[in-house]
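Quick notes on the structure that follows.
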Amino acid sequence: MISSETFMVSEPVAWKVGGVSVTGFSHLDDDTPCQDAHNFRVKDDGTLVAAIADGAGSARHSHVGAKAFVDSVVNDLCALPSMSEFQIDGLAKKITESVNATKEQLVRHGGKLAEDEDLVDIADFHATLLVVVTDGSNGAFFHVGDGAACGYTRGVNDTNFTMTRPHNGEYANETYFVTQDNWEENFRVTPFVESHDSILLMSDGVTPMGMLQNCTAPAFEKFVNPIVGYIEKNDNEVAHAAVTATLSREEIRSITGDDKTFVWAIRQSD
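Quick note on numbering: the sequence shown equals residues 103 to 372 in my numbering.
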């Protein structure tokens, strides 16, 4: 459901932003590529744009689809002119246009991108999509499928957060993809007007650690606070290496064998 809310844009802010996509144990065992993808950018006006996608394990070229969707959405959103007002409906419209244009390109040229001479169908590129856009004061999550994201303010009561949760089908292991014909019916928009200074995006390979059971809330004590605290105190190269190592630990194999994408954005103080 698309919101028509509009908010005044604040002064530009600075972000410490990064992300990793880690191949899951099941894909390492099968020698298949990571089917997750992510992309992010901070515009000159301080607007953060970030996206993650999780390719369906059953779709033969989902890794190509996941990368195509995050790249096109981030590029298209960043090409928009700076806003005097934070217009959620305009952002949602641009994401919709970007997804549909990317689907057309995948049908036309996806076989070449995937180095596959056989005929391809859009279902070969099944992927979920989770996007955040925020100027540091106002923002919104745009979401199709599973995975989760949260915005919160560090040092504030743990109940003060905004989340977008997984959207599954009739069964827990089913979800929705932007590659489906009716994907717009499952396009969810979650605005936030709190001045959240931390944004986290997680594919469903990370949510078992990063969220409490059933994704009712972020797992602040066990996961979020320690990992964000480490990221805050270290430069991006060290932080990326540490997050990758954390998500690659052998003991996680018993929790999930899925690919794992984790993207963070921490607003920097003056």
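Ideal Cβ positions, reconstructed from N, Cα and C, are used throughout, including at glycine.
Task: DSSP beta-bridge partners of P320 - done: What you label residue 320 is simply residue 218 of the sequence shown in a count that begins at 1. Per DSSP, M313.
- [ ] Please say whether A225 and I301 have beta carbons closer to each other than 7 Å?
- [x] Working through the sequence shown from its first residue, we reach residue 301 at position 199. Working through the sequence shown from its first residue, we reach residue 225 at position 123. Not in contact: I301 and A225 (Cβ atoms no closer than 7 Å).
Open item on the list: Need the endpoints of the beta strand (DSSP E) that T292 sits in, please.
Closed with: On the sequence shown, position 190 is the one that residue 292 refers to. Counting along the chain, the beta strand (DSSP E) containing T292 begins and ends at R290 to F294.
Task: Whole alpha helix (DSSP H) elements within the region 119-157, 4-residue minimum - done: 127-132
Task: Nearest residue (CA-CA) to V122, options A229, A139, P320 and T255 - done: For the purposes of this step, residue 122 is taken as the residue at position 20 of the sequence shown. Nearest option by C-alpha distance: A139.
TODO: Quick one: grab the DSSP three-state call for N270.
DONE: On the sequence shown, residue 270 is found 168 positions in, with the first residue counted as 1. It is a strand residue.
Open item on the list: According to DSSP, M265 sits in a beta bridge with which residue or residues?
Closed with: Walking along the sequence shown from the start, residue 265 turns up at place 163. For M265, which the question treats as bridged, DSSP gives the partners C252.
Task: Burial state of N202, where buried means 16 or more other Cβ atoms lie within 10 Å - done: Position 100 of the sequence shown, counted from the start, is the residue given in the question as residue 202. N202 is exposed by the Cβ-count criterion.
TODO: Give me the Cα-Cα distance between P328 and W117, rounded to the nearest whole angstrom.
DONE: Locating residue 328 in the sequence shown gives position 226, where the first residue counts as 1. Locating residue 117 in the sequence shown gives position 15, where the first residue counts as 1. One C-alpha to the other measures close to 19 Å.
Task: Which listed residue (T230, S184 and M311) has its alpha carbon closest to that of G167 - done: Within the sequence shown, numbered from 1, the residue matching residue 167 stands at position 65. Per the Cα distances, T230.
Task: Cross-strand partners of A161 (DSSP beta bridge) - done: The sequence position of residue 161 within the sequence shown is 59, counting from 1. DSSP output for A161 lists no bridge partner at all.
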